[in-house]
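**Q** Residue numbers (this note's numbering), protein chains in the order written: chain A, 72 to 470; chain S, 273 to 384. Cβ coordinates follow ideal geometry from the N, Cα and C atoms, glycine included. My questions will all concern the structure given below.
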Amino acid sequence: MSVSNVTATGINRSERITLVRFIALYSFLVLMILILGSTIYFKLQKDLMLQTKRLELEEYSKELIDGLKLLHIYFDRYRTYPRNPLYRSAIYDADHVQIFSTLKHPEGVRLDRVIYTTDGVIQYIHVLDSYYLGTKYTVVEIDDDRRWFVQTWNSILIYGGTLLVIFLIAGVVLMRLFLAPMRNAIHLLDRFIKDTTHELNTPVSAILSNIEMIDTEKIDPKTAKKIRRIEIGARTISTIYQDLTYLALNHKIASQDEHVDVSSLVQERIDYFRILGESKKITFETDIQPGVRLYIDRGKMARLIDNLLSNAIKYNKRGGEIFVRLRPKELVIKDSGIGMEEDQIKEVFKRYKRLESGAGGFGIGLSIVAMIANEYDLDIDIRSRKGYGSEVRVKWDEQ
Amino acid sequence: MGRTVVTILLMTLTVFASDMNVYERNCVECHKKLPVSLDKFFFNYLLKYSSERRVKQALRNYLKHPRKKASLATEELVARYGLMPKTTLSDKELKEAIDIYWEKYKVFGKIE
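Structure below.
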């Protein structure tokens with residue numbers, strides 16, 4: 072991914088998710104409407120077809136009844152049922168008993184209806200006033216050529232499909248239109264963060280390198296103390312700068328993984344944070360086994376450790392302690408801070424889970440930890456007790 | 273001698289009677305006198321009442337209570353021969369007669 076596509080806020084991803092969800096809901100609704108419309112259209116077409124066929128069937132029915140009338144009168148001499156190759160028919164008495172039938176589908180006959188389709192045939196029912204041969208109902212049947220059916224389906228597919236496509240395009244366009252102001256605002260913010268981040272680097276580095284150059288032996292203790300405070304401030308800004316850089320740029324750039332000596336890295340970061348801890352009179356206690364290694368991007372590992380340490384300071388009480396232990400496959404950072412209630416941990420975990428799915432999150436610090444842990448399959452375990460402090464365990468498999 | 277004659281007479285009567293069912297004995301015998309045949313009456317009933325159940329019910333009603341209003345026969349016929357006398361048959365015999373009448377003239381199975 073090119074750097075220009077990278078955003079600090081993950082707007083592209085969020086936008087895509089919003090778009091996909093919207094389109095899903097939208098297509099569902101559009102599809103529902105189209106199905107409803109198609110059903111009505113289908114019924115109308117069918118009724119139309121039946122209306123056209125009805126005229127023909129009424130003719131046949133009349134012809135059949137004339138035949139039945141003659142048969143009724145001359146039944147003592149003549150008993151041949153009136154047949155016509157154009158249609159098939161049946162006669163039923165008032166108790167719905169079939170008197171005679173040449174139908175293809177006598178089982179589909181519905182004497183309570185007038186005209187309907189069943190099993191590939193169209194049947195038309197006529198109720199007689201005079202019951203020739205006892206016939207109350209005549210049924211006339213012709214084959215349903217299904218042409219209307221195919222035609223109707225064709226138009227439904229063609230017009231429905233076109234409409235669906237048009238609706239979808241309209242939906243996407245509208246969605247983009249609605250999202251545009253929001254996206255612009257976020258892009259503006261994004262650019263601002265990136266630009267500011269770059270511009271922060273130079274002054275902060277200048278302050279830090281100049282403080283290092285000051286020989287504290289040669290100045291009076293009061294000034295030295297003030298300079299120390301300036302250094303703490305500058306270091307705090309520097310860590311924030313690092314985090315911002317990571318979010319805005321780094322995590323999208325391919326990692327440069329190497330075998331990192333975690334032991335010296337952890338020691339180095341503790342030394343760096345010691346000054347920051349001093350302002351709250353926090354002491355560090357370390358138990359670091361030398362030579363612990365991990366295959367990881369050095370900068371990212373530093374971000375992870377920094378954020379855990381910075382949290383341990385932030386949520387610690389004055390004069391508290393931070394305990395850091397490093398073993399192969401495990402880093403533990405424990406504070407003597409305020410701690411969290413059971414349900415608060417649950418909440419943190421829930422949010423941590425949510426982080427895994429990529430959404431934005433709680434404090435930038437922990438989201439960075441979560442992102443890095445995610446990328447390198449590190450296992451994060453947070454334990455906490457209200458009033459006693461929290462313990463974060465980072466575990467990994469040996470590579 | 274006289275006894276033998278009576279016996280023979282009785283026997284012929286029973287043989288004669290057993291040969292003819294209640295329909296032939298009763299309905300046909302009387303209707304012979306009419307110019308309109310029984311099958312014409314039947315088809316009139318069929319034309320008006322349609323199904324087996326309804327035709328039989330109408331026949332039973334008419335035979336038990338012949339009324340001018342209910343009659344399907346022509347005015348002239350009724351004027352000349354009078355209404356059909358109320359049947360003298362028992363309910364069972366009447367049912368049998370009507371069943372035979374139906375079987376004889378029904379169209380079921382006769383259409384080709």
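For K70 of chain A, which residues in the same chain have their Cβ closer than 7 Å to its Cβ, ignoring the five residues on either side in sequence?
**A** In the structure as shown, chain A begins at 72 and stops at 470. Residue 70 of chain A is therefore absent and cannot be evaluated.
**Q** List the DSSP bridge partners of L397 of chain A.
**A** A:I359, A:L402
**Q** In chain A, what lies closer than 9 Å to K382 of chain S by C-beta?
**A** F146, R150
**Q** With H, G and I counted as helix, E and B as strand and the rest as coil, what does DSSP make of F146 of chain A?
**A** In this structure, F146 of chain A counts as coil in the three-state DSSP scheme.
**Q** Could you tell me whether any Cβ in chain A is nearer than 8 Å to the Cβ of L349 of chain S?
**A** no
**Q** With DSSP run on the structure shown, which of helix, strand or coil describes F113 of chain A?
**A** helix
**Q** Counting only the same chain and skipping the five closest in sequence on each side, list residues whose C-beta sits under 7 Å from that of T357 of chain A.
**A** I341, V395
**Q** On the DSSP letters alone, give me the boundaries of the beta strand (DSSP E) that Y366 of chain A sits inside.
**A** 364-368
**Q** May I ask you to report which of helix, strand or coil DSSP gives N445 of chain A?
**A** helix
**Q** Are S132 of chain A and Y195 of chain A closer than 8 Å when you measure CB to CB?
**A** A distance below 8 Å separates the beta carbons of S132 of chain A and Y195 of chain A.
**Q** Under a three-way DSSP split, which group does Y479 of chain A fall into?
**A** Residue 479 of chain A cannot be examined here, being either before or after the span of chain A that is shown, 72 to 470.
**Q** Using 8 Å for Cβ pairs, my map puts G410 of chain A next to Y366 of chain A. What's the rounded Cβ distance?
**A** The C-beta distance from G410 of chain A to Y366 of chain A rounds to 34 Å, too long to fall under 8 Å, and the pair is not in contact.
**Q** Report the residue from A:A295, A:L347, A:Q327, A:M284 whose alpha carbon sits nearest the alpha carbon of S309 of chain A.
**A** Across the set A:A295, A:L347, A:Q327, A:M284, the C-alpha of A:L347 shows the shortest separation from the C-alpha of S309 of chain A.
**Q** Under three-state DSSP, which class holds D450 of chain A?
**A** strand
**Q** So, under 8 Å CB-CB, V294 of chain S and E368 of chain S are touching, yes? Tell me the CB distance rounded to an integer number of Å.
**A** With a Cβ gap of about 5 Å, V294 of chain S and E368 of chain S count as contacting.
**Q** Is the CB of L135 of chain A under 8 Å away from at least one CB in chain S?
**A** no
**Q** Which whole-angstrom value is the C-beta distance of T173 of chain A and A161 of chain A, which I expect to be below 8 Å?
**A** 7 Å
**Q** Between which two residues does the beta strand (DSSP E) holding Q194 of chain A run?
**A** 192-198
**Q** Identify the contact partners of H143 of chain A in chain S, using a Cβ-Cβ distance below 9 Å as the criterion.
**A** Under the 9 Å cutoff, chain S gives F315, L318, L319, V379.
**Q** Within its chain, find whatever has a CB closer than 8 Å to the CB of G362 of chain A; leave out the 5 residues flanking it on each side and keep chain order.
**A** Setting aside the 5 residues that flank it on each side, G362 of chain A is surrounded in the same chain by D332, S334, each with a C-beta closer than 8 Å to its C-beta; the list follows chain order.
**Q** Verify the CB distance criterion: does I196 of chain A have a CB-CB separation below 8 Å to chain S?
**A** no
**Q** Does the beta carbon of S343 of chain S sit closer than 8 Å to a beta carbon anywhere in chain A?
**A** No, its Cβ sits nowhere closer than 8 Å to a Cβ of chain A.
**Q** What does F171 of chain A reach in chain S if we use C-beta pairs closer than 7 Å?
**A** I383
**Q** Can you tell me whether M442 of chain A is buried or exposed? The criterion is at least 16 other CB atoms within 10 Å of its CB, across all chains shown.
**A** Flag for M442 of chain A reads buried.
**Q** With DSSP run on the structure shown, which of helix, strand or coil describes R464 of chain A?
**A** Three-state result, R464 of chain A: strand.
**Q** For S428 of chain A, collect the residues of the same chain with a Cβ closer than 7 Å to its Cβ; drop the 5 residues on either side in sequence, then sort them by chain order.
**A** Annotation note: pLDDT 44 at S428 of chain A (below 50); position unreliable, no value reported.
**Q** If you compare alpha carbons, which of A:S407, A:N378, A:K385, A:R389 is closest to V38 of chain A?
**A** With chain A represented from 72 up to 470, any question about residue 38 of chain A goes unanswered, as that position is not in the structure.
**Q** Using a threshold of 8 Å, state whether the C-beta atoms of H143 of chain A and F315 of chain S are closer than that.
**A** Yes.
**Q** Determine the DSSP secondary structure at R299 of chain A, reduced to helix, strand or coil.
**A** helix
**Q** For the stretch 151-185 of chain A, which residues have a beta carbon sitting closer than 8 Å to at least one beta carbon of chain S?
**A** T151, Y152, D164, A165, D166, V168, I170, F171
**Q** Comparing alpha-carbon positions, which option in A:V337, A:D137, A:F99 lies nearest K371 of chain A?
**A** It is A:V337.
**Q** So if I threshold CB-CB distances at 8 Å, which residues from the stretch 195-221 of chain A count as touching chain S?
**A** S201, Y202, Y203, L204, G205, T206, K207
**Q** Assuming contact is defined by CB atoms lying nearer than 8 Å, are E469 of chain A and V403 of chain A in contact in what I supplied?
**A** Between E469 of chain A and V403 of chain A, the C-beta spacing is not below 8 Å.
**Q** From which residue to which residue does the beta strand (DSSP E) around S172 of chain A run?
**A** Taken as a continuous stretch (DSSP letters only), the beta strand (DSSP E) holding S172 of chain A covers 169-172.
**Q** Looking at the unbroken beta strand (DSSP E) that takes in V218 of chain S, where does it start and where does it end?
**A** Residue 218 of chain S falls outside the range modelled here, since chain S spans only 273 to 384, and no answer is possible.
**Q** If the cut is a Cβ gap below 9 Å, which residues of chain A does D311 of chain S touch?
**A** F146, D147
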